[in-house]
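For what it's worth, my numbering labels the leading residue of the sequence shown as 6, then goes sequentially. Working notes, structure below.
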Amino acid sequence: MILRGTCRVGTGLLVEISQEGCRIGCVMPAAAMPDRIENGEVLVISPEGAEPFEARVRWSGNGTLGFRLVQAFHHHELDRLIRTCRGEFDAPEARDYGT
6 MILRGTCRVG
16 TGLLVEISQE
26 GCRIGCVMPA
36 AAMPDRIENG
46 EVLVISPEGA
56 EPFEARVRWS
66 GNGTLGFRLV
76 QAFHHHELDR
86 LIRTCRGEFD
96 APEARDYGT
């Protein structure tokens, strides 16, 4: 989920993540977003099951947003986020289908 303060402005799939940036493939078409997302704007990225983090919009195009994190992740924070997004902390019965 992509937030402006506490207001949702979009949803998408966290496609790439690094210590200093991320890329989100937007599931919601730009025309359906309640407000336009501008380059340079600081938004909150709130991945399901993980701690939200602030990031500045660097670019957008083809339904994708590129961000630079306001505060870079430490290695252990990045590792935990990646493992959470992969579902490594899910209950075993919740992972019966798929991976």
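Glycine included, every Cβ here is placed at the ideal spot set by N, Cα and C. Computed from a predicted model, the values in this text were never measured in an experiment.
Under 9 angstroms between C-beta atoms of residue i and residue j
i: residue 86; j: residue 7; result: no
i: residue 58; j: residue 70; result: no
i: residue 60; j: residue 90; result: no
i: residue 19; j: residue 50; result: yes
i: residue 33; j: residue 15; result: yes
i: residue 78; j: residue 29; result: no
N-terminal and C-terminal residue of the beta strand (DSSP E) that residue i is part of
i: residue 7; result: 7-9
i: residue 22; result: 17-22
i: residue 50; result: 47-50
Counted within 10 angstroms of its Cβ, other Cβ atoms place residue i as buried (16 or more) or exposed
i: residue 104; result: With a pLDDT of only 48 at residue 104, under 50, the local geometry of the prediction cannot be trusted, and the value read off the model is given with reservation. Exposed.
i: residue 12; result: exposed
Extent of the continuous alpha helix (DSSP H) to which residue i belongs
i: residue 82; result: 80-90
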